[in-house]
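A.B. asks: Every position in the sequence shown, counted from 1, becomes a number in our numbering once 1254 is added. Quick reminder that beta carbons are idealized off the backbone N, C-alpha and C, glycines included. Owing to the predicted nature of the structure, the values given are computational and were not obtained by experimental measurement.
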Amino acid sequence: MAASAERRRILIGGEWMSPASAALLPVVDPSTGEVYGSVPDCDAADVDAAVRAARAAFDDGPWPRCSPAERVAALAPLAGVYESGVDELAAIVTAEMGSPITFSRMAQAAAPSMMVRTFLDLAAAHPWEERRPTAFGGTSVVRRLPVGVVAAITPWNVPQVVVVAKVLPALLAGCTVVLKPAPETPVDAYWFTELLLGLGLPPGVVNLVPGGPDTGRALVEHPGVDKVAFTGSTSAGREIASSCAPRFVRMSLELGGKSAAIVLDDADPERTAAGLRFASFLNSGQACAAQTRVLVPRSRREEFVGALAAAVASLRIGDPQDPDTEVGPLVSEVQRDRVAEWIEVGLAEGARPVVGGPGRPEDLDRGWYVRPTLFDRVDNAMRVAREEVFGPVVCVIDYDDVEDAVAIAEDSEYGLAGSVWTADRERGLAVAGRIRAGTLGVNHYGADFGSPFGGFKASGLGREYGPEGLDAFVEFQSISLLG
Ligand code: NAD
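And the structure:
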């Protein structure tokens, strides 16, 4: 059973307080369109109170002054309580944003639980302070100091993964945090914040201000923030970058993608199609790293398109609460309308829908559904191949040879992810290495929490996950000793 979605308080300075803002954000079930709860929609006064609390906890509180080992010890009990709550968390995320429950259990709940353990282990072994011999015979002490007050601003598509990837490493590094989750998915952020509060962290170390883009803007512009850790659209990322840059506010930006899956001519069509059925359509296509441009060799195009079409046509669309469902509704009416519009754009540009197309799936007369759509005969110059759709819409693009495939993959403003599908792993590795993107897979796509994740080009700045994800929340300081 999902937790209550009725909340009237926000977390500031270790207390659940009534917000200054009287406005509320509805929490909507995307599979029915029904409102089943609401949370505060925080205004600039709430943001100010939260940042002041985080600032005081950073400037005068014990948390940044604890040793890294003390912080790991204080946060270690999170792993067990998080793990015991994964079923509840999966139900919350499915109710908030419509991700199919089987996917939610794995990717929206078990995965962030694994991430908690990974970060705790990494922080225990991290070189927070190193001593290096200097060229002039002395010693350099290299310290990783907490960057300060962190504004964590997160999207709705993998809400917990993104919240944990920011809040936990920030805390382990000694920062204090103001979290603003996406307006569509506040409930799982409350769930996580409550777990953290239960650990008895010092007041003001974690603060929660639910709200929409205006709440986010107030947070980004607040002079008490030292670092903005943002995941979301490239357009919002641009706005945040231009606000932070003149003030030298640190930022990490995890933005959009339009990832290419290069299918080499030695790949097995059925195995490749089975892999892409997941890697391209996961989370109902609402994944930044979804493999949305499938590049197939012209010499074998009919085989690959046939196998992909059969795989996509077999996706089970329906109620996200049904464990057999593989594609659920999109998060909101706005998102459904956007994706429906992209399907029309593809058609108007001359792409051929081999599966799906406009309209609702049969038998689903309510909720924000679209038909999973596989477009064939796509040219990489088409808008549907260039812009992020963020729904279950995938383009097949033909190529002549590997040079051509790499050129098409690279012809994108984005550089978040990609994959290569082949019978020869080493050949796959060589081709993957030519793509300027942050994470790539050979014969699958999957990010690993122990390794850095993030984007080249318009897909962002900085890295999350792995030791690099801890370093995202530090300032380096060198003290050189002589004598
Ligand atoms: P969005 O940019 O609309 O919103 C993301 C968050 O930022 C929300 O909390 C929103 O309220 C807030 N926000 C929006 N505009 C803001 C502004 N100008 N200043 C401050 N805060 C602002 O994105 P979304 O629709 O919630 O999420 C989908 C997008 O996120 C997609 O583009 C997807 O590719 C991207 N994403 C990227 C990654 C990654 O790791 N690279 C992961 C998940 C999602």
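How close, in whole Å, do the beta carbons of L1278 and V1293 come, if the pair is a contact with beta carbons under 8 Å?
C.D. replies: That belief holds up - the Cβ atoms of L1278 and V1293 are roughly 7 Å apart, short of 8 Å.
A.B. asks: Go ahead and pull the three-state DSSP assignment for M1255.
C.D. replies: Interpretation of M1255 is limited by its pLDDT of 44, a score under 50 that renders its predicted location unreliable; the figure taken from the coordinates is listed afterwards. Here M1255 sits in coil by DSSP.
A.B. asks: Considering only heavy atoms of the ligand NAD, does any lie closer than 8 Å to the CB of A1490?
C.D. replies: It does: the Cβ of A1490 is within 8 Å (strictly closer) of some heavy atom of the ligand NAD.
A.B. asks: Tell me the residue span of the beta strand (DSSP E) that contains F1629.
C.D. replies: Looking at the DSSP string, the run of the beta strand (DSSP E) that includes F1629 is 1627-1630.
A.B. asks: Using CA atoms only, rank isn't needed, just tell me which of D1522, S1489, R1555, P1500 is closest to L1509.
C.D. replies: Here the closest residue by C-alpha is S1489.
A.B. asks: What residues in its chain sit with their C-beta under 7 Å from that of M1255, if we drop five residues either side in the sequence?
C.D. replies: Reliability fails at M1255, whose pLDDT of 44 lies under 50, so the model's placement of it is uncertain and the value that follows must be treated cautiously. Hits under 7 Å: A1345.
A.B. asks: Give the DSSP-derived three-state secondary structure of D1442 in the structure shown.
C.D. replies: Here D1442 sits in helix by DSSP.
A.B. asks: Kindly indicate the opening and closing residues of the alpha helix (DSSP H) around T1430.
C.D. replies: No alpha helix (DSSP H) holds T1430; the beta strand (DSSP E) holding it covers 1430-1434.
A.B. asks: Ignoring anything shorter than 4 residues, give me the alpha helix (DSSP H) runs that lie fully in the region 1661-1732, in order along the chain.
C.D. replies: Entirely contained in the region 1661-1732, the alpha helix (DSSP H) runs reaching 4 residues are, in chain order, 1679-1686, 1720-1725.
A.B. asks: Does the Cβ-Cβ distance between G1539 and V1643 come in under 9 Å?
C.D. replies: Yes, the Cβ-Cβ distance between G1539 and V1643 is below 9 Å.
A.B. asks: Between P1467 and A1443, which are expected to be in contact by the criterion C-beta below 8 Å, what is the C-beta distance as a whole number of angstroms?
C.D. replies: Wrong, their Cβ atoms sit about 16 Å apart, outside the cutoff.
A.B. asks: Could you check where the beta strand (DSSP E) with A1483 kicks off and where it finishes?
C.D. replies: Segment 1481-1485, the beta strand (DSSP E) holding A1483.
A.B. asks: Answer yes or no: the CB of G1511 versus the heavy atoms of the ligand NAD, is any distance below 8 Å?
C.D. replies: Correct: G1511 has its Cβ closer than 8 Å to the ligand NAD.
A.B. asks: With DSSP as the reference, please indicate the residues paired to I1494 in a beta bridge.
C.D. replies: According to DSSP, I1494 bridges with nothing at all.
A.B. asks: I'd like to confirm something about C1296: is its beta-carbon nearer than 8 Å to some heavy atom of the ligand NAD, or not?
C.D. replies: Answer for C1296: no, Cβ out of range of the ligand NAD.
A.B. asks: Any chance you could list the alpha helix (DSSP H) runs of at least 4 consecutive residues sitting entirely within the region 1352-1403, in chain order?
C.D. replies: Complete alpha helix (DSSP H) runs here, min 4: 1365-1379.
A.B. asks: For the region 1469-1482 against the region 1492-1503, are there 3 or more C-beta pairs whose distance is under 8 Å?
C.D. replies: With a cut-off of 8 Å, the region 1492-1503 and the region 1469-1482 count as touching, because enough Cβ pairs lie within range.
A.B. asks: Which residue spans inside the region 1271-1336 form an unbroken alpha helix (DSSP H) run of at least 4?
C.D. replies: With a minimum length of 4 residues, the continuous alpha helix (DSSP H) runs that stay inside the region 1271-1336 are 1298-1313, 1322-1329.
A.B. asks: How many Å lie between G1402 and T1430 at the Cα?
C.D. replies: Using only the alpha carbons, I get a separation of about 7 Å.
A.B. asks: Around the C-beta of A1378, are 16 or more other C-beta atoms found within 10 angstroms, so that it is buried, or is it exposed?
C.D. replies: So A1378 ends up on the exposed side.
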